[in-house]
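Asks: The structure's right below; bear with me while I get my questions together.
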DNA sequence: CACATATTCAATAATTATGTTGAATAATTG
DNA sequence: CAATTATTCAACATAATTATTGAATATGTG
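Residue numbers (the working numbering), protein chains in the order written: chain A, 1 to 220; chain B, 1 to 220.
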């Protein structure tokens, strides 16, 4: 094999994988699957796609070996093939946030409209946990909480927060988190809690970012 | 703005960036630019593309803010916009090597045909440097060496290695490196050196991987 | 075994990406 | 200022990607 042929083949393989990632719907699916396993129907609902379209995009991801499947009865569950898939998504996300002012602006504008609360990073949360009294609040749907969550976190899904707010201690600072930096459940939680007199902030990143850093987690 | 609109816009922005990466030629350009600044002509020669085609792909990368340009006389030099671009390329590369058996096989077969020498990683090289006597050999073109190289490395471009081999010490183990894991200059160097009785191995990764890890480098 | 349900497939039309060719710019040189 | 050089642009043909529709599979249930 000549050097050029070798290079062409290598870069073509890598471009294939990259093409599989290079679609808004598929990136959204990947972020969703970073939370746990999901059926096609669930994915299509969460991402506002038709079932056939979701299935088609999942096939693309499967062909590129970015996701794996398990069958359970009539349902087929998809999951990320491995940690490197999330790492690559994270790298793309960070590249995007740094490069594209419009993303930062979108995020800021959207959050601002929901709440003026500031946020804190995973790094500063781990430092704070050593000294202060902090309640960590997971506002994702319950099944995502059960697939894995930050150690000692309390689960109150965002749509039940208004009713169950009283379960939370008024004295502690509350740090709400959800799926990732573009997930707005945590923003909504901070808005609700602040209005009710709690001291609340959101975690900038999401659960998968916490987990991939090797920080302590719990399952169930 | 509604939640769906917000999400759609965010994921579309990120997909735009990913699409800019999702092409074999553009990935090759990015790996080349990780070595230093280059003119369009140089890039087109190195990657076996027509000038117009290289220019077109560079425009795509520029629009996505993945590369920057400087004009110097009639030449226009391109460079990576920032470290995150290389980090993302690295993540994609690692995802690819792990996921796609065919890439690993391609690399192994190609190297095997050049030399049977084994290789070592950046991690093991840094450990070895503390104890053993090692000569680090940079076999990239001279201008890439001058744009930045591993501290104390010796520069002998691959096409001059046969003539200048005598400059190297026979006692030390020689570790040759080049642009990255898919670059074959280092393999060719190991083959030449081993034949001539030197003890030589290649570094698996390339100079940009060394630099991005914050390990000591020199310029000029 | 008929029926229901979850998912995939196939066909289509619209959009977007790609490489080639030759012309157009923009800076430098004589 | 004409000629030269490096790069970009515009136009075209071809190929790939996408969403939608409805039919086809494959598993589970009565």
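Heads up, the beta-carbon is just placed ideally off N, CA and C, and yes, glycines get one too.
7 Å is my cut-off, CB to CB: does residue 5/A come that close to chain B?
Replies: So no, residue 5/A is outside the interface.
Asks: Just the Cα atoms here: how many angstroms apart are residue 207/B and residue 187/A?
Replies: Approximately 42 Å between the Cα atoms of the pair.
Asks: Does chain A have any CB closer than 7 Å to the CB of residue 19/B?
Replies: By this cut-off, residue 19/B is an interface position.
Asks: Three Cβ pairs or more, each shorter than 8 Å: is that satisfied between the stretch 196 to 205 of chain A and the stretch 10 to 22 of chain B?
Replies: Flag = no, the stretch 196 to 205 of chain A and the stretch 10 to 22 of chain B do not touch.
Asks: Report the partner residues of residue 218/A according to the DSSP bridge assignment.
Replies: Paired residues: 149/A.
Asks: Excluding sequence positions up to five away, which residues of its chain have a Cβ less than 6 Å from the Cβ of residue 220/B?
Replies: Closer than 6 Å at the Cβ level, and outside the excluded window around residue 220/B, lie 146.
Asks: Measuring only the C-alpha atoms, how far is residue 137/A from residue 215/B?
Replies: Computed Cα separation, rounded: 39 Å.
Asks: In whole angstroms, what separates the C-alpha of residue 165/B from that of residue 143/B?
Replies: Roughly 20 Å separates the two Cα atoms.
Asks: State yes or no: is the beta carbon of residue 86/B nearer than 7 Å to at least one beta carbon in chain A?
Replies: By this cut-off, residue 86/B is not an interface position.
Asks: So is the beta-carbon of residue 145/A under 6 Å away from any non-hydrogen atom of the ligand GTP?
Replies: Absent from the structure shown: the ligand GTP. Ligands present: none.
Asks: Report the partner residues of residue 134/B according to the DSSP bridge assignment.
Replies: Residue 134/B is bridged to 173/B.
Asks: Using the beta-carbon of each residue, which ones in chain A are nearer than 8 Å to residue 8/B?
Replies: Chain A residues near residue 8/B: 24.
Asks: Just checking: is the beta-carbon of residue 143/B within a distance shorter than 7 Å of some beta-carbon in chain A?
Replies: Not closer than 7 Å to any Cβ of chain A, the Cβ of residue 143/B fails to qualify, so no.
Asks: Residue 3/A and residue 107/B look like a contact to me (Cβ under 8 Å); what is the Cβ gap, rounded to whole Å?
Replies: No, residue 3/A and residue 107/B are not in contact; Cβ-Cβ is about 13 Å, not under 8 Å.
Asks: Taking residue 96/A as the query, report the chain B residues whose CB atoms sit under 8 Å from its CB, ordered along the chain.
Replies: In chain order: 13, 14 and 17.
Asks: Between the Cα of residue 71/A and the Cα atoms of 88/A, 35/A and 39/A, which residue gives the shortest distance?
Replies: With distances taken between Cα atoms, residue 71/A lies closest to 39/A.
Asks: CB residue 81/A to CB residue 58/A, shorter than 7 Å?
Replies: No; because the gap between Cβ atoms is not below 7 Å, this pair is not in contact.
Asks: How big is the Cα-Cα spacing for residue 123/A and residue 130/A?
Replies: Cα to Cα, residue 123/A sits roughly 12 Å from residue 130/A.
Asks: Just verifying my parser: in three-state terms, what is the DSSP assignment at residue 84/A?
Replies: In the structure shown, residue 84/A sits in a helix (DSSP, three-state: H, G or I).
Asks: Taking residue 52/B as the reference, which of 88/B, 41/B, 61/B and 204/B has the closest Cα?
Replies: Out of 88/B, 41/B, 61/B and 204/B, 41/B has the C-alpha closest to the C-alpha of residue 52/B.
Asks: Mind pulling the chain A residues with CB within less than 8 Å of residue 184/B?
Replies: The contacting residues are 3 and 6.
Asks: In or out: residue 28/B buried (at least 16 other Cβ within 10 Å) or exposed?
Replies: When all chains shown are included, residue 28/B counts as buried.
Asks: What's the call for residue 88/B, buried or exposed, on a 16-neighbour Cβ count within 10 Å?
Replies: Buried is the call here.
Asks: Assuming residue 43/A and residue 85/A make a contact with CB atoms under 8 Å, what is their CB distance in whole Å?
Replies: About 15 Å separates the two Cβ atoms, so there is no contact after all.
Asks: Runs of 3 residues minimum, wholly inside the stretch 33 to 107 of chain B: which ones carry the beta strand (DSSP E) assignment?
Replies: The stretch 33 to 107 of chain B contains these whole beta strand (DSSP E) runs: 67 to 72 and 75 to 80.
Asks: Interface residues of chain A around residue 92/B at Cβ under 7 Å?
Replies: Near residue 92/B (Cβ distances below 7 Å), the residues of chain A are 14, 17, 18 and 88.
Asks: Taking residue 103/B as the query, report the chain A residues whose CB atoms sit under 9 Å from its CB, ordered along the chain.
Replies: By Cβ distance, chain A contributes 9, 10, 13 and 14.
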